[in-house]
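Peer 1: Numbering (full-length UniProt numbering), first residue to last: 1 to 285. Beta carbons: idealized from backbone N, C-alpha and C, even for Gly.
Right under this line is the structure:
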C-alpha cells in the first residue's frame, strides 16, 4: 500500500491526470479487497467444513457462481451466509423450510413493479430530481459487508466525481447524519457547511454545485436503507406542502420496498447456496 501511495505522489502535471485517476482507482480496489478478504475467507472456511466440499478452490468457485447468478456481490453473500443461523442439517432439503415469500410492497409512483433493485433506485432518483427540479443526484445504500453507505446510482455527475465517491463513500457529506437520524437534511451553502470535509467540498464545488438536499429511504418499519441526494447549482427549492408530502411518500415506499427486496433476495441466495453446496458435497464423497 505504501508503494501505491508513493506512485500516486510521484504523478504530476496535466499528462499525469489520467494516470493519477487510474492509480487511485487501483488503490481503492486493493483496499476494498483487503478489507473484505477476511470476511470472504471465513465464509469459505465455514462453507467448506459444513458441506464437506473437496477443497477451497471448489468452495470458492461455488460461492462466486451463486453470487453471479443472483447479481449479488461476493462480500454480500459471504456476510449473509455467516450472519444467518445454519440450516437444521447440511443434508436438509431446504435451509428455510416452509418459507413464504410476501408480495412486493406497492409503489404508487411506479407504473409497474421494478424488475430489480437497480430499476427501483432509478425510479426513486428520477422522482427526486423531478420534484426538486435538479439535474444531478445520487442514491446511496447501506453495505453491511463493507460498512457505511455506498454509491449505487447517479445522474448528471462527471466521471471523475463518480470515481471519487466510489473511492471515498459518503463520508464527509450530509448523508451519514441524515441516514443515522432518519430525517432529511439540506446544505444550503456547500461552501461553508460543516458537514462536508474540505476534500468533498472542493470536488463538488468544482462541478458548480452550491447546495444539496438529502432524503432518507426509510420504510414502514422505521429501518433506513439509504438516502437519495439532489445536487443544485443554486439554492435548494422550497417545495409546496403537497410536493413535500409526495417526495416523503416516494422515499418511504422505496425504503419499504428495499427492506422487502433485501430480505427476499438474501434468503433466495442462501437457499440456492445451500442447495448447490449440498449437492456438490455429496458428490465429493
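1. Note down, in chain order, each residue of its chain lying with its Cβ closer than 6 angstroms to the Cβ of residue 156, except the 5 sequence neighbours on either side.
2. Just to confirm the assignment, what range does the beta strand (DSSP E) spanning residue 155 have?
3. Using beta-carbon positions only, say whether residue 251 and residue 218 come within less than 8 angstroms of one another.
4. Apply the 10 Å Cβ neighbour rule to residue 100 and answer buried if 16 or more other Cβ atoms are within range, or exposed otherwise.
5. Could you give the DSSP three-state label for residue 106: helix, strand or coil?
6. Using 8 angstroms as the threshold, is the C-beta distance between residue 81 and residue 43 below it?
7. Can you list the beta strand (DSSP E) stretches of 3 or more residues lying completely in the segment 124-149, in chain order?
8. Flag this pair as touching only if the segment 158-169 and the segment 243-259 have three or more C-beta atom pairs under 8 angstroms; answer yes or no.
9. The alpha helix (DSSP H) spanning residue 229 covers which residue range?
10. Measuring alpha carbon to alpha carbon, tell me which residue in 231, 233, 216 is nearest residue 225.
11. Work out the CA separation of residue 75 and residue 131 for me, nearest whole Å.
12. Please say whether residue 227 and residue 175 have beta carbons closer to each other than 8 angstroms?
13. Using the Cβ count rule (16 or more neighbours within 10 Å means buried), how would you classify residue 111?
14. Let me confirm a value: residue 211 is counted as buried when at least 16 other C-beta atoms fall within 10 Å, else exposed. Which label applies?
15. Out of curiosity, what's the CA-to-CA distance linking residue 2 and residue 143?
16. Keeping to the same chain, check which residues put their C-beta closer than 7 angstroms to that of residue 261; ignore five residues upstream and five downstream.
17. Using DSSP with H/G/I as helix, E/B as strand and the rest coil, what is residue 67?
18. Along the alpha helix (DSSP H) that carries residue 218, what are the first and last residues, could you check?
19. I need the straight-line Cα distance from residue 270 to residue 191, nearest angstrom please.
20. Pull up the CB-CB distance for residue 195 and residue 187, whole angstroms please, since I reckon it's below 8 angstroms.
21. First and last residue of the alpha helix (DSSP H) that includes residue 74?
22. Please list, in chain order, all residues of the same chain as residue 281 whose beta carbon is under 8 angstroms from its beta carbon, the five residues on each side excluded.
23. Please report how far the alpha carbon of residue 265 lies from the alpha carbon of residue 222, in whole angstroms.
24. If I follow the unbroken beta strand (DSSP E) through residue 185, where does it start and stop?
25. For residue 243, tell me which candidate among 77, 71, 129, 113 has the shortest Cα-Cα distance.
26. Could you tell me the distance, in whole angstroms, from the CA atom of residue 182 to the CA atom of residue 259?
27. Here's the rule: buried if 16 or more other CB atoms are within 10 angstroms of the residue's CB, otherwise exposed. What is residue 162?
28. Return the first residue and the last residue of the alpha helix (DSSP H) that residue 200 is part of.
29. Give a yes or no on whether the minimum CB-CB distance between residue 272 and chain D is below 8 angstroms.
30. Verify whether the separation of the beta carbon atoms of residue 158 and residue 207 is less than 8 angstroms.
Peer 2: This is what the structure gives:
1. As a first step, residue 156 must be located in the chain shown, where it is residue number 156. Cβ neighbours of residue 156 beyond the five flanking positions: 135, 136.
2. Position 155 of the chain shown, counted from the start, is the residue given in the question as residue 155. Where residue 155 is concerned, the enclosing beta strand (DSSP E) stretches over 149-155.
3. Position 251 of the chain shown, counting from 1, holds the residue named residue 251. Position 218 of the chain shown, counting from 1, holds the residue named residue 218. Taking 8 angstroms as the Cβ cut-off, residue 251 and residue 218 qualify as a contacting pair.
4. Counting from one through the chain shown, the residue named residue 100 turns up at place 100. Label assigned to residue 100: exposed.
5. Your numbering for residue 106 matches position 106 in the chain shown. Three-state DSSP puts residue 106 in coil, outside helix and strand.
6. On the chain shown, position 81 is the one that residue 81 refers to. On the chain shown, position 43 is the one that residue 43 refers to. Contact flag set, yes.
7. 136-142
8. The segment 158-169, when compared against the segment 243-259, does not touch it at the 8 angstroms Cβ threshold.
9. Here the question's residue 229 lines up with position 229 in the chain shown. Unbroken run through residue 229 is the beta strand (DSSP E), 224-232; no alpha helix (DSSP H).
10. Taking the chain shown and counting its residues from 1, one reaches residue 225 at position 225. Among 231, 233, 216, the Cα nearest to that of residue 225 is on 216.
11. Against the chain shown, residue 131 aligns to sequence position 131. Against the chain shown, residue 75 aligns to sequence position 75. Roughly 35 angstroms between the two C-alpha positions.
12. For the purposes of this step, residue 175 is taken as the residue at position 175 of the chain shown. For the purposes of this step, residue 227 is taken as the residue at position 227 of the chain shown. A contact, by the Cβ cut-off of 8 angstroms.
13. The residue given as residue 111 occupies position 111 in the chain shown. Label assigned to residue 111: exposed.
14. On the chain shown, position 211 is the one that residue 211 refers to. Per the 10 Å Cβ criterion, buried.
15. Position 2 of the chain shown holds residue 2. Position 143 of the chain shown holds residue 143. With a pLDDT of only 44 at residue 2, under 50, the local geometry of the prediction cannot be trusted, and no value is derived from it.
16. Mapped onto the chain shown, residue 261 falls at position 261. Excluding residues within five positions, the ones whose Cβ falls inside 7 angstroms are 117.
17. Sequence index remark: in the chain shown, residue 67 carries index 67 (1-based). Here residue 67 sits in helix by DSSP.
18. Looking up residue 218 in the chain shown gives position 218. Looking at the DSSP string, residue 218 is not in any alpha helix (DSSP H); the run it does join, the beta strand (DSSP E), is 211-218.
19. Counting from one through the chain shown, the residue named residue 270 turns up at place 270. Counting from one through the chain shown, the residue named residue 191 turns up at place 191. A straight-line Cα-Cα distance of about 46 angstroms links residue 270 and residue 191.
20. Here residue 195 is taken as the residue at index 195 of the chain shown, counted from 1. Here residue 187 is taken as the residue at index 187 of the chain shown, counted from 1. Right, the Cβ-Cβ distance comes to about 6 angstroms (below 8 angstroms), so this counts as a contact.
21. As a working mapping, residue 74 is identified with position 74 in the chain shown. 74-83 is the span of the alpha helix (DSSP H), which, as asked, contains residue 74.
22. Taking the first residue of the chain shown as 1, we reach residue 281 at position 281. Hits under 8 angstroms: 51, 52, 53, 90.
23. For the purposes of this step, residue 265 is taken as the residue at position 265 of the chain shown. For the purposes of this step, residue 222 is taken as the residue at position 222 of the chain shown. Near 20 angstroms, if we compare the C-alpha coordinates of residue 222 and residue 265.
24. Indexing the chain shown from 1 puts residue 185 at position 185. 185-187 is the extent of the beta strand (DSSP E) around residue 185.
25. To locate residue 243, count along the chain shown from 1; it is residue 243. Residue 243 has its Cα closest to that of 129, out of 77, 71, 129, 113.
26. Numbered from 1 along the chain shown, position 182 holds the residue referred to as residue 182. Numbered from 1 along the chain shown, position 259 holds the residue referred to as residue 259. Taking the straight line joining both Cα atoms gives about 15 angstroms.
27. In the chain shown, the residue the question calls residue 162 occupies position 162. It counts as exposed.
28. Walking along the chain shown from the start, residue 200 turns up at place 200. First-last of the alpha helix (DSSP H) with residue 200: 198-205.
29. Note that chain D does not occur in the displayed structure, where there is just one protein chain.
30. Walking along the chain shown from the start, residue 158 turns up at place 158. Walking along the chain shown from the start, residue 207 turns up at place 207. For residue 158 and residue 207, yes; Cβs fall inside 8 angstroms.
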